[in-house]
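> All residue numbers for the sequence shown refer to UniProt numbering, where the first residue is 1 and numbers rise by one.
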Amino acid sequence: MRLRPGLSVLWRRKGESQVGIDPRCAVVLEDLEVAEQQVLDHLRHEPTEADLLRVGKVAGVGPERVRELVTLLERSGVVDLKAPARRTPIPSAVPSEVAYWSRLMHDGDGGAVLAARERATVTVVGLDQVGMRLATHLAEAGVGTLLLEDDSAVGPDDVGPYHPRDIGARRAAQAETQLRSTFPRLRTSAPARTRPDVLVAISWAVADPVRLRPLLREDVVHLPVVIGEVDVCVGPLVVPGKGPCTRCMDLHRTDADPAWPALATQLRGSPAPGTSATAAQLGAAVAAHQVLAALDGRELVIDRASLEVSGLSPLPVLRPWTVHPECGCDGVGRDGIDDSRDAGGRNGAARADGASSERDSVDGGSSARDSTDAGTSERNSTDAGRSERNGTEAGPHVQDGDDVGDADRVKPAVEAVLRSA
């Protein structure tokens with residue numbers, strides 16, 4: 001048996017122990033004997049049942065009581081009795097990444113998340129300081145194949161993710177060399193006509209219609225990342241045939257400012273002035289987070305919105321977008337493509353939009369963040385009912401205070417078992 005990776009066994013006071021500290025995965029046990037607390041302390045060593053029974057015998061805790069406590073913790077989701085057989089080995093994964101997702105998955109198998117990422121392919125078009133940082137984030141998170149596109153040269157503004165000696169070298173070639181040296185198992189090539197799970201296109205000032213418009217016809221899920229004079233705008237994630245596309249955004253801007261097409265045409269050919277290191281880091285991190293959410297089948301923030309970050313604030317600005325009535329990008333089903341309307345079907349997007357039905361396991365209970373009393377929130381948000389989780393990652397909308405759902409049920413169950421002993 002084992003605790004969820006990274007969870008601690010702590011003494012709150014005599015007679016009261018706590019497993020974990022985050023309200024989304026913590027549980028508090030009350031009315032314990034000191035000897036029972038000592039037995040629980042040994043869970044951090046991944047004991048077998050026989051080991052724990054021996055500890056209980058020495059401490060004076062009977063075998064039935066030891067089993068009762070372990071069963072209670074298993075029902076609460078913090079102890080996995082079958083962990084060794086259920087772990088998915090991922091040799092290339094960063095151990096801390098596996099441990100993190102193991103704390104959130106219903107079955108405790110964070111390796112399954114990393115295994116899916118290892119099979120994924122992401123294309124990154126544009127490898128300036130934002131694009132290179134994004135590619136690094138994705139490689140660190142376990143994405144198996146990164147296809148990198150950028151024929152321009154590394155410039156002084158790119159130093160940071162690149163070394164000063166790289167100035168003048170071709171960005172894509174240098175990025176591949178650097179990433180493969182850090183992540184030896186990373187693949188940077190794929191068979192011809194491979195369709196990526198997600199393509200990220202990074203550009204200055206405006207999204208490039210020449211690069212992005214064909215992706216609708218080719219049914220490629222894509223994410224525009226536009227570096228502005230102050231902000232880095234991430235999104236929306238464009239799923240062909242569903243939701244707004246970059247042309248919708250341009251049409252909405254034209255409605256607000258009829259001069260926008262003329263401005264956009266001039267901006268597409270203008271040199272990029274670069275952005276602040278802070279804005280670049282934030283933009284890359286936000287983009288990586290949402291790409292991984294799409295690959296994992298978790299809830300997306302930017303499926304019909306964009307997130308704008310800058311060096312002025314650590315908080316992104318959420319900007320909703322809708323399909324423009326004159327675009328027609330959502331008027332095509334999976335079985336057909338209307339080239340005259342520049343729309344696409346739904347095939348390659350299935351992973352980004354439908355995987356949650358296959359991976360209904362990632363914790364969505366971050367509403368416990370809203371609790372102001374630390375001790376109470378830990379008791380009232382033990383997250384024991386992991387089988388009832390809805391399989392989505394909590395996004396900013398959860399800050400409105402949606403309830404986890406199992407909190408009121410779990411603590412009475414804990415008290416009933418312990419106080420009847």
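We put the CB at the ideal spot given by N, CA and C, even for glycine.
Is the CB-CB distance between A190 and T121 below 7 Å?
yes
> By alpha-carbon positions, which one of V230, R247, H222 ends up nearest to V239?
Ranking the options by Cα distance to V239, first place goes to H222.
> Considering just the uninterrupted stretch of the beta strand (DSSP E) at C233, what are its terminal residues?
231 to 234
> Just confirm the distance between the C-beta atoms of V39 and G56, as a whole number of angstroms; I'd bet it's less than 8 Å.
The C-beta distance from V39 to G56 rounds to 5 Å, short enough to fall under 8 Å.
> Does DSSP put T123 in a helix, a strand or coil?
The answer is strand: DSSP assigns T123 an E or B state.
> So, at 6 Å on beta carbons, what are the nonlocal neighbours of D342 in its own chain, with the 5 sequence-adjacent residues on each side left out?
Any answer about D342 is weak, because its pLDDT of 34 lies below 50 and its placement is not dependable; what the coordinates show is given next. Taken in chain order, the residues that qualify are R213, L216.
> For Q18, which three-state DSSP category applies?
It is a strand residue.
> Helix or strand or just coil, what does DSSP make of W260?
Of the three classes helix, strand and coil, the one that applies to W260 here is helix, per DSSP.
> Buried or exposed: where does W321 fall if 16 or more other Cβ atoms within 10 Å of its Cβ makes it buried?
With at least 16 other beta carbons inside 10 angstroms of its own, W321 counts as buried.
> Among all the DSSP beta bridges, which residues are the ones paired with V34?
Residue pairing for V34: DSSP places it in no beta bridge.
> Hey, V232 and A279 are a contact pair by Cβ (cut 8 Å); roughly how many whole angstroms apart?
5 Å
> Quick one: what does DSSP say residue 452 is sitting in, helix, strand or coil?
Because the chain spans 1 through 421 in this model, residue 452 falls outside it and cannot be assessed.
> What are the boundary residues of the alpha helix (DSSP H) that includes P209?
209 to 217
> Expressed to the nearest angstrom, what Euclidean distance is found between the alpha-carbon atoms of P236 and R67?
50 Å
> Excluding the 5 residues preceding and the 5 following I302 in the sequence, name in chain order all residues of the same chain whose CB lies nearer than 6 Å to its CB.
G235, P236, L237, Q290
> Do L10 and Q18 have their C-beta atoms closer together than 7 Å?
yes
> Where E16 and Q37 are concerned, what is the direct C-alpha to C-alpha distance, given to the nearest angstrom?
Each residue's alpha carbon lies about 8 Å from the other.
> Can you tell which of T194, R195, A175, A192 has the C-alpha that lies nearest to the C-alpha of L186?
A175
> Just confirm the distance between the C-beta atoms of E159 and A169, as a whole number of angstroms; I'd bet it's less than 8 Å.
Note on identity: in this sequence residue 159 is Val, with Glu being the wrong assignment. With a Cβ gap of about 12 Å, V159 and A169 do not count as contacting.
> Where do the N-terminal and C-terminal ends of the alpha helix (DSSP H) with A173 fall, by residue?
Its alpha helix (DSSP H) spans residues 171 to 182.
> Using the DSSP secondary-structure output, state which residues sit across from R187 in a beta bridge.
DSSP, once it has assigned bridges, lists T145 as partnering R187.
> Hey, out of H163, R4, Q178, whose CA is closest to T136's CA?
Ranking H163, R4, Q178 by CA distance to the CA of T136 puts Q178 first.
> What residue does the beta strand (DSSP E) around H222 start on, and which one ends it?
Looking at the DSSP string, the run of the beta strand (DSSP E) that includes H222 is 222 to 227.
> Three or more C-beta pairs closer than 8 Å, one from the segment 242 to 252 and one from the segment 294 to 301: is that the case here?
no
> In the structure shown, what three-state DSSP assignment does A59 receive?
helix
> Considering only C-alpha positions, which residue in the set G274, A141, D151 is nearest to S96?
The candidate whose alpha carbon is nearest that of S96 is A141.
> Does DSSP put A7 in a helix, a strand or coil?
According to the sequence provided, residue 7 is Leu. The question's Ala does not apply to it. If DSSP states are grouped into helix, strand and coil, L7 belongs with coil.
> Relative to the C-alpha of V286, which residue among P271, S270, A305, R268 is closest?
A305
> From the DSSP output, read off the bridge partner residues of Y100.
In DSSP, Y100 forms no bridge with anything.
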